[in-house]
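Report on the structure given below.
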Amino acid sequence: MRLVLISDTHLPMRAKKLPAPVWDAVESADVVIHAGDWVNVALLDELESRAERLIGCWGNNDGPELRARLPEVARVTLDGLSVAVVHETGSAKGREERCEKAYPGVDLLVFGHSHIPWDTTSPGGLRLLNPGSPTDRRSQPYCTYQTATITAGRLEKVALHNL
Numbered sequence: 001m002r003l004v005l006i007s008d009t010h011l012p013m014r015a016k017k018l019p020a021p022v023w024d025a026v027e028s029a030d031v032v033i034h035a036g037d038w039v040n041v042a043l044l045d046e047l048e049s050r051a052e053r054l055i056g057c058w059g060n061n062d063g064p065e066l067r068a069r070l071p072e073v074a075r076v077t078l079d080g081l082s083v084a085v086v087h088e089t090g091s092a093k094g095r096e097e098r099c100e101k102a103y104p105g106v107d108l109l110v111f112g113h114s115h116i117p118w119d120t121t122s123p124g125g126l127r128l129l130n131p132g133s134p135t136d137r138r139s140q141p142y143c144t145y146q147t148a149t150i151t152a153g154r155l156e157k158v159a160l161h162n163l
């Protein structure tokens with residue numbers, strides 16, 4: 001199962017549209033995960049129409065229309081892997097332990113908010129991924145997104161893509 005992970009798109013405020021490489025990845029993925037701060041419901045509509053399967057949550061910059069259509073925390077099992085998607089996880093210090101307590105039984109937590117790519121594993125085995133932002137790099141050298149695969153309940157081939 002091929003995944004594309006994005007977050008913090010902030011359309012149309014930070015960019016008018018997603019970069020072409022992101023759309024190419026979306027169209028070849030089995031599942032697209034968006035960890036909030038869409039800002040405009042038009043992107044949700046477009047991703048729903050172009051992605052084979054879309055999983056997402058709302059972020060702090062998402063208004064009532066997005067919050068009515070998306071959960072604060074999305075939870076799903078993908079090919080045996082328990083996944084949760086949330087926008088904010090708090091400060092980087094202590095994140096792994098804090099999230100492990102907040103999301104028991106979860107194998108993969110995808111989050112956003114910071115625009116800073118993140119890939120760590122908690123002491124108990126929770127994998128934490130933040131794809132950064134494909135449209136607003138802030139203090140990072142590049143705009144980014146992530147891809148990964150799931151095979152028989154195992155997360156594999158996690159890759160960060162610079163734009």
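Just so you know, full-length UniProt numbering puts 153 at position 153 of the sequence shown, and the rest follows in order with no gaps. Glycine included, each C-beta is placed from N, C-alpha and C at the ideal position. Just so it is clear, the structure is predicted and the values come from calculations on it, not from any experiment.
- Here Val110 has Leu5, Ile33, Ala35, Val85, Leu129 as same chain residues with Cβ atoms under 6 Å from its own Cβ, once five neighbours each way along the sequence are excluded.
- Asp79 and His87 have their C-alpha atoms roughly 23 Å apart.
- Contact holds between the segment 22-31 and the segment 47-58, because three or more Cβ pairs, one in each stretch, are under 8 Å apart.
- According to the DSSP assignment, Val22 belongs to the alpha helix (DSSP H) that extends over 20-28.
- Uninterrupted alpha helix (DSSP H) stretches at least 4 residues long and entirely within the UniProt domain "Calcineurin-like phosphoesterase" (1-151) occur at 20-28, 41-50, 64-69, 95-102, given in chain order.
- Between Ser122 and Glu97, the gap from beta carbon to beta carbon is short of 8 Å.
- Between Tyr145 and Val22 a beta carbon distance of about 6 Å is seen, short of the 8 Å cut, so the two are scored as contacting.
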